[in-house]
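Engineer: My questions will all concern the structure given below.
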Amino acid sequence: RAEGAARRAGLSTQPIWRKLWDDVMKTRPPNSENITCWRKKFLETFFSNVLHGVLDVSSDWRLNDHQFSPLLHSSPHVSQLTLCNMLQGAVELTAEHNQKVLENLAGSLRILKFQHLLSSDQSIRRSLVLLLHRLIHHGSVSQVSMYSWPVPDTVLLVLILSMSAGFWRSGNALVYHSSPCGLCREEDKAQSQESAQERAERGRYDEREWSNGENQKGSPRAPEEADVEVNGYGADAHLNSVLSRPRSPPLQNQVCEEASSEVPCDDTSIQGGSSPRCISDQLSCHPVLRKTRRRLKSAVGKKRRCLRRSRGPYADPEDLYDFVFTVAREDNSGLLDKNSATEGENAENWSTSSPGSPCTGHAGCKKRGGSAGIFSLKAAHRFRSVSTLELFSIPLTGETCRTLSNLLSSWVSLENLVLSYNGLGADIFCILSGLRALSRHSDCHLRVVRVSDVFSHMPCMELVRCILSAFPQLHTLSVSFDLKNQLEGNRPEGNPSCSEVEIPESCLEQLEIRFPREPLHTAFLLPVLKASKSLQQLSLDSATLPCSQELGLLLEVLKECNPNLKKLSFHDVNLAEHQKEVLLLLQDPVLQEITFSFCRLFESSTTEFLSEIINTVKRNSSLKSLKLPGNRLGNHRLVALADIFSEDSSSSLCQLDVSSNCIKPDGLLEFTKKLEGHIQQRGGQIQFTHLRLFQNWLDQDAETAQEALRRLKAVCSVVNDSWDSSQAFADYISVM
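Residue numbers (the UniProt record's numbering): 1 to 736.
Below you can see the structure in the form of structure tokens.
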């Protein structure tokens with residue numbers, strides 16, 4: 001209550017919220033130095049702890065008030081929420097007494113996270129469906145992230161993925177009945193009224209045309225068709241409106257599949273991920289309309305017809321949206337279409353798949369246990385979807401990969417996709433199939449793709465070229481693998497190598513590649529760089545240089561084709577024999593941040609090389625950040641680096657990272673004294689602001705280290721840690 005008054009008076013309440021954290025939470029907040037708003041941090045953590053039973057409200061006299069609802073009070077301030085284990089939080093939030101809490105979250109929540117989930121029963125999944133429908137489909141959640149799920153429940157995983165993509169299933173599997181969704185009903189009523197008015201006007205126009213004799217060639221309305229009415233509207237128009245109505249402006253493409261082998265639709269082409277639907281299929285998706293089908297038989301017989309997509313009124317929104325859910329049968333048959341094997345026989349490979357066509361079990365998507373296939377979308381409504389999907393350490397089987405591929409194929413609102421350590425293997429081609437289909441939507445919004453895993457099933461550069469050729473509009477692309485798969489190269493038949501795909505000019509601004517100890521062949525990397533004129537950040541990790549000329553060629557292309565490059569990073573790349581190229585990079589007048597991390601810079605160098613580095617940096621006024629972690633600087637090289645800030649230096653260096661460089665307390669103290677001398681000579685005019693000292697040997701003399709750090713902190717911001725160097729050395733020896 002005092003927050004508004006304090007703001008109007010120009011007073012900060014941050015110290016009060018910080019003290020409340022200590023009094024109520026009684027724990028040390030993680031990363032406290034990065035917390036910018038203690039009010040937000042406290043209220044979000046408070047909400048989560050009360051929700052999950054971690055915080056006992058009755059233990060604090062200020063909170064133990066029957067007129068005070070902790071969840072209701074803090075919910076408007078919650079922008080991210082984590083649900084874990086048995087999803088107890090979802091059950092609590094969807095309880096009747098927390099209806100107002102859920103409404104508040106629908107307006108405030110932006111990020112929804114799932115962590116360490118376990119298998120759940122049907123009642124819990126029902127609560128989860130209610131929660132996701134309110135927070136995503138009718139709420140403001142824009143990001144769904146899932147973490148650490150070693151043995152995922154396929155039903156639960158697919159449920160979260162499909163609802164995140166904007167799909168709300170209905171069908172003939174296990175059905176959940178609940179009270180109607182009020183928001184769906186309101187939307188439907190509004191559109192019904194608008195459509196009814198349009199229909200009435202059209203009816204009056206048709207009567208005038210008929211009376212004027214202008215429509216004499218047309219067939220009059222059949223008497224039996226006149227009897228087929230639903231609340232006063234024609235059955236065809238009624239069904240047309242029900243089956244074609246898009247649920248969200250940014251997601252207007254309805255994905256469906258024709259699973260029946262009976263009389264096909266007249267128009268089965270897929271454009272933009274949408275296609276006409278057949279009455280027979282769609283009636284089965286809506287229990288209320290099954291009665292209508294019985295009435296239709298007298299008029300239209302048993303022959304199946306297709307209706308063109310058009311907007312129209314719902315006959316009875318009260319009945320249509322009675323909150324009918326399909327989650328799945330326990331054997332997953334409800335969510336995973338077991339007919340995918342036959343559908344996949346005629347599917348194209350990922351490199352030539354048509355727009356909107358999902359991955360359907362071709363050679364690149366071999367099943368790994370079980371006969372379940374792709375996720376069928378024909379029985380699903382489309383609602384609002386999230387723009388960011390992140391999956392961390394969640395193994396994806398062949399069937400879930402096909403499901404995800406199918407969802408991705410029309411997920412046009414998706415802007416950020418992160419797939420990290422999912423054990424994709426050969427199923428990477430299945431994911432690429434869905435992405436390829438997505439790329440052909442004109443309203444595709446995908447801008448960030450990050451893929452990382454233990455084993456690579458295809459060369460890194462080949463995967464980079466594949467993705468960029470399909471998505472030249474990407475801004476960020478990150479591909480990272482730890483180890484090279486011994487079976488790499490055994491691609492599905494019919495899939496051409498992506499190294500042969502032409503790369504169009506792209507909008508790429510950030511490219512990160514972690515090679516699984518692969519040679520850095522510039523023949524594959526250079527075309528990517530030449531096509532990325534807007535590139536601003538480039539990171540190359542764990543690559544080997546097959547010959548000395550490779551790095552030189554790379555630098556030439558960067559200088560010629562990437563004039564906007566601001567940040568360049570090499571990690572775990574042996575540059576011991578590339579001193580000339582290192583100096584050329586440090587001279588670059590455009591680069592603002594250079595990282596040589598664990599690059600063995602001084603492994604075979606002389607003292608002259610260090611002097612050349614220092615003199616080069618002193619003359620470079622554009623370089624703002626120099627990161628040299630893991631290069632065995634030692635005490636004497638660290639002390640020498642202080643000369644970068646000497647009186648005759650024109651350097652604008654602000655940040656220096658010397659982490660993991662075997663620096664001892666006496667060396668750090670000597671560096672500090674030398675730095676203080678240079679600052680005094682320059683009259684205190686220095687731009688140096690940040691020094692990083694992680695994982696150095698500062699614990700060997702705590703008193704000297706404390707003195708050095710105290711004096712350094714008077715000059716710049718110092719970031720270090722309490723690292724036990726002896727234990728680290730013992731751990732290193734134990735794994736040798």
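Yeah, the Cβ is synthetic: ideal placement off N, Cα and C, and Gly gets one too.
Using a Cβ-Cβ cut-off of 7 Å (strictly less than) and excluding sequence neighbours within five positions of C716, which residues of its own chain qualify?
Structural biologist: Cβ neighbours of C716 beyond the five flanking positions: F688, T689, H690 and L691.
Engineer: Check this for me: beta carbons of A708 and L656, under 8 Å apart or not?
Structural biologist: No, these two residues do not count as a Cβ contact at 8 Å.
Engineer: Of all the options E556, L526, P519 and H571, which has the alpha carbon lying nearest to the alpha carbon of C547?
Structural biologist: Cα-wise, what sits closest to C547 is P519.
Engineer: Name, in chain order, the residues that DSSP records as bridge partners for T82.
Structural biologist: Its beta-bridge partners are K113.
Engineer: Looking at S48 and T82, is the spacing between their C-beta atoms short of 8 Å?
Structural biologist: Yes; because the gap between Cβ atoms is below 8 Å, this pair is in contact.
Engineer: Less than 8 Å between the C-beta atoms of V479 and I503, yes or no?
Structural biologist: Their beta carbons are not under 8 Å apart, which means V479 does not touch I503 by this criterion.
Engineer: So, for residue 749: in the same chain, excluding its five sequence neighbours on each side, which residues have a beta-carbon less than 8 Å away from its beta-carbon?
Structural biologist: Not covered by the structure: residue 749. The range shown for the chain is 1 to 736.
Engineer: Apart from the five residues on each side of it in sequence, which residues of its chain come closer than 8 Å, Cβ to Cβ, to L633?
Structural biologist: Only F602, L641, V658, N661, C662 and I663 meet the Cβ criterion.
Engineer: Figure out for me which residue from P589, I613, E608 and T607 has the closest Cα to the Cα of F596.
Structural biologist: When only C-alpha atoms are compared, the closest one is I613.
Engineer: Check for me: the beta strand (DSSP E) holding R450 runs from which residue to which?
Structural biologist: V448 to S456 is the span of the beta strand (DSSP E), which, as asked, contains R450.
Engineer: Measuring alpha carbon to alpha carbon, tell me which of I686, L712, R384 and E33 ends up nearest G166.
Structural biologist: Per the Cα distances, R384.
Engineer: Counting beta carbon pairs with one atom in the region 428-436 and one in the region 403-412, are three or more of them shorter than 8 Å?
Structural biologist: In short, these stretches touch, since the Cβ pair count reaches three.
Engineer: In the region 130-166, which residue ranges form an unbroken beta strand (DSSP E) of at least 3 residues, counting only runs that do not cross its ends?
Structural biologist: You should have 143-147.
Engineer: In chain order, what residues of the same chain lie with their CB nearer than 8 Å to the CB of S605, ignoring the 5 residues before and after it?
Structural biologist: A576 and Q579, listed in sequence order.
Engineer: Taking 8 Å as the threshold (C-beta atoms), are R125 and L159 in contact?
Structural biologist: Yes, Cβ-Cβ distance for L159 and R125 is below 8 Å.
Engineer: Check for me: the beta strand (DSSP E) holding N416 runs from which residue to which?
Structural biologist: Here the beta strand (DSSP E) through N416 covers N416 to S420.
Engineer: Looking at the secondary structure, which residues open and close the beta strand (DSSP E) in which S513 lies?
Structural biologist: It should be pointed out that residue 513 corresponds to Ile in this sequence rather than to Ser. Q510 to R514 is the extent of the beta strand (DSSP E) around I513.
Engineer: If distances are taken between C-alpha atoms only, which option among Q197, N574 and L109 comes closest to residue 764?
Structural biologist: Any question about residue 764 goes unanswered here, given that the chain covers just 1 to 736.
Engineer: V151: buried (16+ other C-beta within 10 angstroms of its C-beta) or exposed?
Structural biologist: Per the 10 Å Cβ criterion, exposed.
Engineer: What does the alpha-carbon distance come out to for the pair S148 and L419?
Structural biologist: Cα-Cα distance, rounded: 12 Å.
Engineer: DSSP state of K26, grouped into three classes?
Structural biologist: In the structure shown, K26 sits in coil (DSSP, three-state: anything other than H, G, I, E or B).
Engineer: Buried or exposed, going by whether 16 or more other CB atoms sit within 10 Å of the CB of Q695?
Structural biologist: The residue in question, Q695, is buried, as its Cβ has 16 or more Cβ neighbours within 10 Å.
Engineer: With DSSP run on the structure shown, which of helix, strand or coil describes L463?
Structural biologist: Note: L463 maps to helix in three-state DSSP.
Engineer: Is DSSP giving I644 helix, strand or coil here?
Structural biologist: I644 falls in the helix class under three-state DSSP.
Engineer: Might you give, ordered along the chain, the residues of its own chain that have their beta carbon closer than 6 Å to the beta carbon of M146, omitting 5 neighbours on each side?
Structural biologist: Here the set comprises F114, L391 and I394.
Engineer: Report the rounded CA-to-CA distance for Q666 versus T704, giving the unit in angstroms.
Structural biologist: Strictly speaking, residue 666 in this sequence is Asp, with Gln absent from that position. Near 7 Å, if we compare the C-alpha coordinates of T704 and D666.
Engineer: Determine the closest residue to P629 out of L638, L623 and S622, with distance taken between C-alpha atoms.
Structural biologist: Answer by Cα proximity: L638.
Engineer: Residues in the same chain with beta-carbon distance under 7 Å from W697, minus the five sequence neighbours each way, listed in chain order, please.
Structural biologist: The answer, listed in chain order, is C662, I663, K664 and S725.
Engineer: Report yes if the CB atom of S142 is closer than 8 Å to the CB atom of T388, and no otherwise.
Structural biologist: Contact flag set, yes.
Engineer: Which residues in the same chain have their Cβ closer than 8 Å to the Cβ of S120, if we skip the five residues on either side of it in sequence?
Structural biologist: Counting only Cβ-Cβ distances below 8 Å, and skipping sequence neighbours, we find M86, L87, L128, D153 and L156.
Engineer: Could you compute how far the alpha carbon of S506 sits from the alpha carbon of L417?
Structural biologist: Going from the Cα of S506 to the Cα of L417 covers about 18 Å.
Engineer: Return the chain-ordered list of same chain residues with a C-beta closer than 6 Å to the C-beta of L130, the five sequence neighbours on each side being excluded.
Structural biologist: T94.
Engineer: Applying the 10 Å Cβ sphere with the 16-neighbour rule, what's the burial state of W168?
Structural biologist: Buried, because 16 or more other Cβ atoms sit within 10 Å of the Cβ of W168.
Engineer: Looking at the C-beta of A426, does it have a partner C-beta in chain B at a distance below 8 Å?
Structural biologist: Going by chain labels, chain B is absent from the structure shown, which holds only one protein chain.
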